[in-house]
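Working notes, beginning with the structure itself.
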Amino acid sequence: MARLLLSLMLLVGSLLPAAAGAAGSDPYTHFFNETFNDFSEELKTARQEGKQGVMIFFEMDECPFCHFMKENVLSQPQVQSYFREHFLLFPVDIEGDIEVTDFAGKTMPQKDFAFKENRVRATPVIAFYDLDGKEIHRHTGRTADAAEFLLVGKYVAEGIYREMSFTKFKRENKNK
């Protein structure tokens with residue numbers, strides 16, 4: 546019995562590093578950009594770097610869907626490279642007290658930026674803003690997987706949001 550238990554522990558132990566590595570890289574160091582929480586300045590940086598805009602990931606600690614996104618989607622190398630190429634990317638805690646400066650230069654706590662300025666009521670909310678700070682697309686809730694999130698990125702980065710809804714775009718690109 547002890548031998549069986551030891552074998553089982555060794556098997557599980559050998560699988561843990563593989564499972565941990567399968568998730569990818571930490572999104573806080575490999576997906577999100579560093580920021581001083583001044584989104585008016587981040588717009589200038591986005592313009593200078595030739596980005597299509599800014600993406601804000603509105604989240605909260607207790608949100609299982611936020612955790613799913615960070616562990617299974619935002620941690621994937623192909624997601625990280627695509628989104629970093631096209632957008633500046635920032636997390637915002639919808640319950641946070643850290644001061645942020647909105648796109649117009651007004652300072653407030655994160656929770657007011659989320660709730661009052663952006664009407665975030667559920668998490669996650671993935672909001673995309675153009676280079677003038679105007680919201681151009683909002684995705685509420687988690688995506689099914691990294692492939693669907695990449696479709697969201699393509700939808701915004703390529704300006705397809707101007708022509709059709711994301712639902713239609715997703716349907717047309719389902720098997721591609």
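Residue numbering for the sequence shown follows the numbering used here, beginning at 546 and increasing consecutively. Beta carbons: idealized from backbone N, C-alpha and C, even for Gly. Source: prediction; values computed, not measured.
{"query": "Same chain, Cβ closer than 7 Å to Ala702, five either side skipped, listed in chain order", "result": "Gln597 and His631"}
{"query": "Selected residue, minimal CA-CA separation from Leu588, among Val599, Glu579 and Asn578", "result": "Val599"}
{"query": "Gly598: CB within 7 Å of a non-hydrogen atom of the ligand ZN", "result": "With respect to small molecules bound, the structure shown includes none, and the ligand ZN cannot be examined in it."}
{"query": "Under the three-state DSSP convention, the category Asp583 falls into", "result": "strand"}
{"query": "Cβ-based neighbour list, Gly698, same chain, cut-off 6 Å, excluding 5 preceding and 5 following", "result": "Tyr627 and Phe628"}
{"query": "Of the residues Phe576, Tyr706 and Met709, the one placed nearest Val624, counting alpha carbons only", "result": "Phe576"}
{"query": "Contacting residues, own chain, Cβ-Cβ under 7 Å from Asn718 (five flanking each side not counted)", "result": "Leu696"}
{"query": "Distance between Arg716 and Lys615 (C-alpha atoms, nearest Å)", "result": "25 Å"}
{"query": "7 Å Cβ shell around Phe658 - same chain, five flanking residues per side excluded", "result": "Val637, Val645 and Asp647"}
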